[in-house]
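Novice:
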Amino acid sequence: MDDISFDSPPDALERPRRSWNGLWRAALAFLGVSFAGAAFAGLLALKQRAYSDWSGALSDFKWVVLVSGEPLQIDEVGRSLKELDAVAGVVYKTPQDMMTRLSSEPLLAKQLDAIDPAQLPGSWLVEWTPEFDASKMGDTLDEIRRMPGVVDVAFDTRQLDKVRVFRLMWLDLRLVLSILAAIGTLIAVLLFGRFLFFRPGPLPEAARVWALLIFSTVAWAAGAGVVAALVGPFSWHVLWGGPIVGLTRLAWAGTRRPA
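Pasting the structure below:
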């Protein structure tokens, strides 16, 4: 009687192993692309938030230029303020307006009863555009304070600190994103150039190309969507990273020589 062998053929053992290895590589690739999408979306969300915080702080930051004297002098101060760089608007407030504003403060209301509004100076409120540069403010302040009719220039130093911090944060994040975009573009160009001109094998099938593009887009969108749900608003421009990563992966795979 012939011996019966219960040993499995080699191909039967290798197939499940290759399947598990393929699933494992696909899972790692999905996590890697998702992490890249989350990182890029996170930086973009932080940049947008920093810009929003900077814009809000800048809209609340105003110069209060106290003036007194002849109407012509006061008007001349207003014209000079309007000619400053990055000025969004200049509004004059009369002494009566100043009295009304101070009277709304509970701690000052009783103390203002004995004050005549004519004793208070008028004021020009100066608002700024995003082109405002706080580093050049010192020379401008000295120039304005020397003008005839100007009593003083007042502003909230804490609000100015917020403007500086949020602007610096926005500029730093924009620089980081620009550097990452430049590095990614350089890598993509080098890979595509090698793929097009020094490809060792034939062109990949269309089905594989579409599968890789869809896979990368879904993975990228998953990471970006999680960050958008946790950190801030979602921008559809972020989704372009998925197809770009997919094409880059395709070019990288096409540059490797077949075994």
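Residue 2 is where the sequence shown starts when you use the working numbering, and the numbers rise one by one after that. Even for Gly, the Cβ is constructed at its ideal location relative to N, Cα and C.
Output the distance between the C-alpha atoms of L248 and L213, rounded to the nearest integer angstrom.
Specialist: 8 Å
Novice: Which residue or residues does DSSP assign as beta-bridge partners of W125?
Specialist: V66 and Y93
Novice: Quick one: Cα of E77 to Cα of K83, how far?
Specialist: 10 Å
Novice: Taking the CB atoms as reference points, tell me whether V228 and A46 lie closer together than 8 Å.
Specialist: yes
Novice: Does the structure place the stretch 79-95 close enough to the stretch 154-169 that three or more beta carbon pairs sit under 8 Å?
Specialist: no
Novice: May I ask which residues mark the beginning and end of the beta strand (DSSP E) holding V151?
Specialist: V151 to A155
Novice: Less than 8 Å between the C-beta atoms of W55 and V127, yes or no?
Specialist: no
Novice: Tell whether a beta-carbon distance below 8 Å holds between V246 and A37.
Specialist: yes
Novice: Starting from G72, follow the alpha helix (DSSP H) in both directions and report where the run begins and ends.
Specialist: Checking the sequence, you will find Pro at residue 72 rather than Gly. Element bounds for P72: P72 to K83.
Novice: Under 8 Å between the Cβ atoms of V151 and V88?
Specialist: no
Novice: Which partner residues of V88 appear in the DSSP bridge assignment?
Specialist: W129
Novice: Where W211 and S60 are concerned, what is the direct C-alpha to C-alpha distance, given to the nearest angstrom?
Specialist: 48 Å
Novice: Pick helix, strand or coil for R147, following the three-state DSSP scheme.
Specialist: coil
Novice: Residue range of the alpha helix (DSSP H) that A225 falls in?
Specialist: A207 to L231
Novice: Classify D140 as helix, strand or coil using the three-state DSSP reduction.
Specialist: helix
Novice: Which word fits T95, buried or exposed, when buried means at least 16 other C-beta atoms lie within 10 angstroms of its C-beta?
Specialist: exposed
Novice: S136 to T130, Cα distance in whole Å?
Specialist: 15 Å
Novice: Please state whether DSSP places D98 in a helix, a strand or coil.
Specialist: helix
Novice: Could you say which of M100, R250, F62 and A42 lies nearest to L192 if we only look at CA atoms?
Specialist: R250
Novice: Can you tell me whether DSSP reads D173 as helix, strand or coil?
Specialist: helix
Novice: Take G242 as the anchor and find which of T218, V232 and L178 has the nearest alpha-carbon.
Specialist: T218
Novice: What distance in whole Å lies between the Cβ atoms of K48 and L181, which are believed to be in contact at a cut-off of 8 Å?
Specialist: The Cβ separation is near 12 Å, so there is no contact.
Novice: Roughly how many whole angstroms lie between the Cα atoms of H238 and A225?
Specialist: 11 Å
Novice: If we call anything under 8 Å between Cβ atoms a contact, is F62 one with D157?
Specialist: yes
Novice: Give the secondary structure of D134 by DSSP, where H, G and I count as helix, E and B as strand, and everything else as coil.
Specialist: coil
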